[in-house]
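To keep things clear, I will list the structure first and then write my remarks on it.
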Amino acid sequence: MRFCILASGSKGNSIFVETDAVRVLIDVGLSARQIENRLRQIDIPPESIDAVVLTHDHNDHVRGVGVFARRFRVPVYGHPQTLDNITYLFRGQETLRPWNAPFQIEDLQFTPFPLSHDSDPTVGYSIEHHGRRLVICTDLGVVTPVVKTHVAQANALLLESNHDPEMLMRGPYPWHLKERIASRVGHLSNHNAGVLLREVLNGKLSHVILGHLSEENNRPELARETVLDYVGYTFNDQLSVIEQKTISPIFRL
Ligand SMILES: [Zn+2]
Ligand SMILES: [Zn+2]
0 MRFCILASGS KGNSIFVETD AVRVLIDVGL SARQIENRLR QIDIPPESID
50 AVVLTHDHND HVRGVGVFAR RFRVPVYGHP QTLDNITYLF RGQETLRPWN
100 APFQIEDLQF TPFPLSHDSD PTVGYSIEHH GRRLVICTDL GVVTPVVKTH
150 VAQANALLLE SNHDPEMLMR GPYPWHLKER IASRVGHLSN HNAGVLLREV
200 LNGKLSHVIL GHLSEENNRP ELARETVLDY VGYTFNDQLS VIEQKTISPI
250 FRL
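Read left to right, the sequence shown gives residues 0 to 252 (numbering that gives the first Met the number 0).
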């Protein structure tokens, strides 16, 4: 399995995952045109994408999904409620695939798990191929036992490290927004990401990517430093931090 974070953050999210048999996008949170450009930058023709899988209905995850699904005739997988919530993006000619259990797309096995966030349902995904697991875990306010269980089985992990609590509280956001972000249904702080990683590190996890960073209330070096404070500096080489404007390297799992 290979994967690449095409975009991560409150302005748009999309993750490319492929095997020799299939190419999938998790979320299409930029315009379809921007997603196509980013795919071309990693030499993936957009028309070769086989399916789109959604995590939840927030704009930064679904913005381009309607246009992309129509333009390239790809099916859209999501929680039935999520697909219902975004009918405004569809025109009736798309193929919608509501799931209600683990599901398979060619040789990728997707296991959704619930996240505590201010759109319900929001899910993370454990994506398995030949016994190797990539876990996608962003847009969550708190770490629940079910999150821990899935993250502990990951070989590679995209984990939210949204904000530094002090920067958030001192920052420019209005109070109600600060409260929302810091709440149980908001976004995970650098500290909470570090605490979770310290609890689950077991030798199985070969790479962690910190994502969905706030551009106002976080800095990449601060997210890295904070998490390394929890897990130890020996983990430095296995840790990446993704910024909104850049495309990640292609990771192999
Ligand atoms: Zn988001
Ligand atoms: Zn969200």
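Glycine included, C-beta positions come from ideal geometry on N, C-alpha and C. All values reported here derive from a predicted model rather than from experimental measurement.
| said: At a cut-off of 7 Å, would you count HIS162 as near ligand 1, judging by its Cβ distance to the nearest heavy atom? | reply: No, the beta carbon of HIS162 sits no closer than 7 Å to any heavy atom of ligand 1.
| request: Just the C-alpha distance for ALA68 and LEU24, rounded to the nearest angstrom, thanks. | output: Their Cα atoms are separated by approximately 11 Å.
| Taking the C-alpha atoms as reference points, what is the distance between LEU95 and PHE102? | Going from the Cα of LEU95 to the Cα of PHE102 covers about 14 Å.
| query | Going along the chain, which residues of its own chain have a beta-carbon closer than 7 Å to the beta-carbon of GLY11, five neighbours each way excluded? | reply | So the list reads GLY28, LEU29, ASP59 and ARG62, once near-sequence residues are dropped.
| Are the segment 105 to 117 and the segment 131 to 141 in contact at 8 Å, needing three or more beta carbon pairs? | With contact defined as three or more Cβ pairs closer than 8 Å, the segment 105 to 117 and the segment 131 to 141 are in contact.
| field | HIS57 versus PRO164, GLU242 and SER9, residue with shortest Cα-Cα distance | value | Closest by alpha carbon: SER9.
| message | Closer than 7 Å to a non-hydrogen atom of ligand 2 - does that hold for the CB of SER118? | response | For ligand 2, at least one heavy atom lies less than 7 Å from the Cβ of SER118.
| request: Flag ASP26 as yes when its Cβ comes closer than 7 Å to any non-hydrogen atom of ligand 2, and as no otherwise. | output: Outside the cutoff, so no.
| Beta-ladder partner(s) of LEU156, from DSSP | DSSP, once it has assigned bridges, lists VAL134 and VAL207 as partnering LEU156.
| request: Please list, in chain order, all residues of the same chain as VAL21 whose beta carbon is under 7 Å from its beta carbon, the five residues on each side excluded. | output: So the qualifying residues of the chain are ASP49, ILE104, GLU105, ASP106 and LEU107.
| field | Heavy atoms of ligand 1 versus C-beta positions, residues under 5 Å | value | Result: ASP59 and ASP138.
| Inter-residue Cα distance where the pair is ARG39 and PRO248 | Taken atom to atom, the span from the alpha-carbon of ARG39 to that of PRO248 is near 14 Å.
| message | By the DSSP assignment, the alpha helix (DSSP H) with GLU35 in it spans what residues? | response | Per DSSP, GLU35 belongs to the alpha helix (DSSP H) from 31 to 40.
| request: To the nearest angstrom, report how far apart ILE34 and ALA151 are at their CA atoms. | output: Near 31 Å, if we compare the C-alpha coordinates of ALA151 and ILE34.
| query | Can we count HIS175 as close to ligand 2, meaning its CB is less than 7 Å from some heavy atom? | reply | False, no ligand heavy atom lies under 7 Å from that Cβ.
| task | Can you say whether ASN235 is buried or exposed, counting buried as having 16 or more other CB atoms within 10 angstroms of its CB? | result | Burial call: exposed.
| query | Is HIS78 near ligand 2, judged by its Cβ being under 7 Å from some heavy atom? | reply | Not one heavy atom of ligand 2 lies closer than 7 Å to the C-beta of HIS78.
| Option nearest HIS190 by Cα separation, candidates ASN161, CYS3, ARG183 and GLY170 | Per the C-alpha coordinates, the member of ASN161, CYS3, ARG183 and GLY170 positioned closest to HIS190 is ASN161.
| message | Determine whether the beta carbon atoms of HIS186 and HIS211 lie at a separation below 8 Å. | response | With a cutoff of 8 Å on beta-carbon distance, HIS186 and HIS211 are scored as near each other.
| request: Return yes when at least one heavy atom of ligand 2 lies under 7 Å from the C-beta of HIS149, else no. | output: No, the beta carbon of HIS149 sits no closer than 7 Å to any heavy atom of ligand 2.
| message | Relative to the C-alpha of PHE89, which candidate in SER239, GLY193 and VAL66 has its C-alpha closest? | response | Among SER239, GLY193 and VAL66, the Cα nearest to that of PHE89 belongs to VAL66.
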